[in-house]
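Student:
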Amino acid sequence: LTVEPTAEEMAFYETLRRRAIEEIEAAGPNEKRFTVLTQLMRLRQAACHPRLVDPKSRVASSKLELVAETIQELLENDHKVLIFSQFVRHLQIVEQWVKSTGIAYQYLDGQTPTAKREERIQAFQRGEGDVFLISLKAGGTGLNLTAANYGLHLDPWWNPAVEDQASDRAHRIGQQRPVTVYRFVTEHTVEEKIVALHQEKRDLADQLLSGTDASAKLSVEQMLELVKG
Numbered sequence: 002l003t004v005e006p007t008a009e010e011m012a013f014y015e016t017l018r019r020r021a022i023e024e025i026e027a028a029g030p031n032e033k034r035f036t037v038l039t040q041l042m043r044l045r046q047a048a049c050h051p052r053l054v055d056p057k058s059r060v061a062s063s064k065l066e067l068v069a070e071t072i073q074e075l076l077e078n079d080h081k082v083l084i085f086s087q088f089v090r091h092l093q094i095v096e097q098w099v100k101s102t103g104i105a106y107q108y109l110d111g112q113t114p115t116a117k118r119e120e121r122i123q124a125f126q127r128g129e130g131d132v133f134l135i136s137l138k139a140g141g142t143g144l145n146l147t148a149a150n151y152g153l154h155l156d157p158w159w160n161p162a163v164e165d166q167a168s169d170r171a172h173r174i175g176q177q178r179p180v181t182v183y184r185f186v187t188e189h190t191v192e193e194k195i196v197a198l199h200q201e202k203r204d205l206a207d208q209l210l211s212g213t214d215a216s217a218k219l220s221v222e223q224m225l226e227l228v229k230g
């Protein structure tokens, strides 16, 4: 699903992007790769919600609005939904909205103790909660969540295979209904470029096997192109 940012969001993003280019150009040769990765992370966060970059920001998130609309529409039609993000703070912002609407939900990130994790999975499978918020890294393995038939990826990951693996949580044996996956991508941002990278370089999925991130295989120049646009 394509998210159309407001003029205010684009101004916020563009300011960050220009600052990112300045920081990268000022970095020494040994710091360049780390600086590019850091700035790319900030741009990816800004494409999700300005508050991920600046907690005091008053700029509204078009992505949050579209995610909220999508969740409400799915729940009205008796669907159960898994929601994945790689940014825990992004998940927590969505969690605040879910709480405010009174939707029953479960939550899981890398900090969730193993016992609680299992408890929440079983509760969701029993029907306690219509929405399950899951950190992409925490949701990569060992989850069997066949109670859900929709998966929402809030932000594109470098490696599409990690997203696919997370979506497989709902595809496990025992699923009676077809599973539909939505990916939210903000226009005119680095997210579009990451998705284009997915199309061009599906072979980067092999790093799921080697346990590395696709960004590790990109040169500094390639990553700089993502920032510059």
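For the sequence shown, this note's numbering begins at 2 and goes up steadily by one.
Just so you know, even glycine gets a beta-carbon here, dropped at the ideal spot from N, CA and C.
(1) For Glu70 and Glu77, what's the separation of their Cα atoms in angstroms?
(2) Which same chain residues end up closer than 7 Å to Leu92 when comparing Cβ atoms and leaving out the 5 residues on each side of it in sequence?
(3) Would you kindly check if the distance between the Cβ of Ala28 and the Cβ of Thr16 is under 8 Å?
(4) Considering only residues of the region 44-118, which uninterrupted beta strand (DSSP E) runs meet the minimum length of 3 residues and lie entirely inside it, listed in chain order?
(5) Quick one, are the C-beta atoms of Tyr183 and Leu2 less than 8 Å apart?
(6) My guess is that Ala21 and Leu44 are in contact by the Cβ rule of under 8 Å, so how many angstroms apart are they, rounded?
(7) Quick one, which of Gln97, Ala8, Ser101 and His189 has its alpha-carbon nearest Val60's?
(8) Any beta carbon from chain C within less than 8 Å of Thr36's own beta carbon?
(9) Going by alpha carbons, who is nearest to Arg52 out of Glu74, Leu38, Leu67 and Tyr14?
(10) If you draw a straight line from the alpha carbon of Asn145 to that of Glu26, how long is it in whole angstroms?
(11) Taking the alpha carbon of His189 as the point to measure from, which residue in Glu96, Ala105, Val228 and Glu74 has its own alpha carbon closest?
(12) Please list the terminal residues of the continuous alpha helix (DSSP H) segment that includes Arg184.
(13) Have a look at His50, Ala47, Ala148 and Gln200 and flag the residue whose alpha-carbon is nearest the alpha-carbon of Gln126.
(14) Can you tell which of Ser63, Phe185, Ile94 and Leu83 has the C-alpha that lies nearest to the C-alpha of Ile107?
Tutor: According to the data block:
(1) Counted from its first residue, the sequence shown places residue 70 at position 69. Counted from its first residue, the sequence shown places residue 77 at position 76. Distance between the alpha carbons of Glu70 and Glu77 is about 11 Å.
(2) Indexing the sequence shown from 1 puts residue 92 at position 91. Ser86, Asp110, Leu134 and Ser136, listed in sequence order.
(3) On the sequence shown, position 15 is the one that residue 16 refers to. On the sequence shown, position 27 is the one that residue 28 refers to. For Thr16 and Ala28, no; Cβs fall outside 8 Å.
(4) 82-86 and 106-109
(5) Against the sequence shown, residue 183 aligns to sequence position 182. Against the sequence shown, residue 2 aligns to sequence position 1. Yes, Cβ-Cβ distance for Tyr183 and Leu2 is below 8 Å.
(6) For this step, residue 21 is matched to residue 20 along the sequence shown. For this step, residue 44 is matched to residue 43 along the sequence shown. Right, the Cβ-Cβ distance comes to about 6 Å (below 8 Å), so this counts as a contact.
(7) The residue given as residue 60 occupies position 59 in the sequence shown. Selected option, being the one with the closest Cα: Ala8.
(8) No chain C appears in this structure, which consists of one protein chain only.
(9) Your numbering for residue 52 matches position 51 in the sequence shown. The shortest C-alpha separation from Arg52 is found at Tyr14.
(10) Within the sequence shown, the letter at position 144 stands for residue 145. Within the sequence shown, the letter at position 25 stands for residue 26. About 46 Å.
(11) For this step, residue 189 is matched to residue 188 along the sequence shown. The candidate whose alpha carbon is nearest that of His189 is Val228.
(12) Counting from one through the sequence shown, the residue named residue 184 turns up at place 183. First-last for Arg184: Thr181 to Arg184, but that is the beta strand (DSSP E), not the alpha helix (DSSP H).
(13) The sequence position of residue 126 within the sequence shown is 125, counting from 1. Answer by Cα proximity: Ala148.
(14) Your numbering for residue 107 matches position 106 in the sequence shown. First, the residue type needs correcting, since residue 107 is Gln and not Ile in the sequence shown. Ranking Ser63, Phe185, Ile94 and Leu83 by Cα distance to Gln107 puts Leu83 first.
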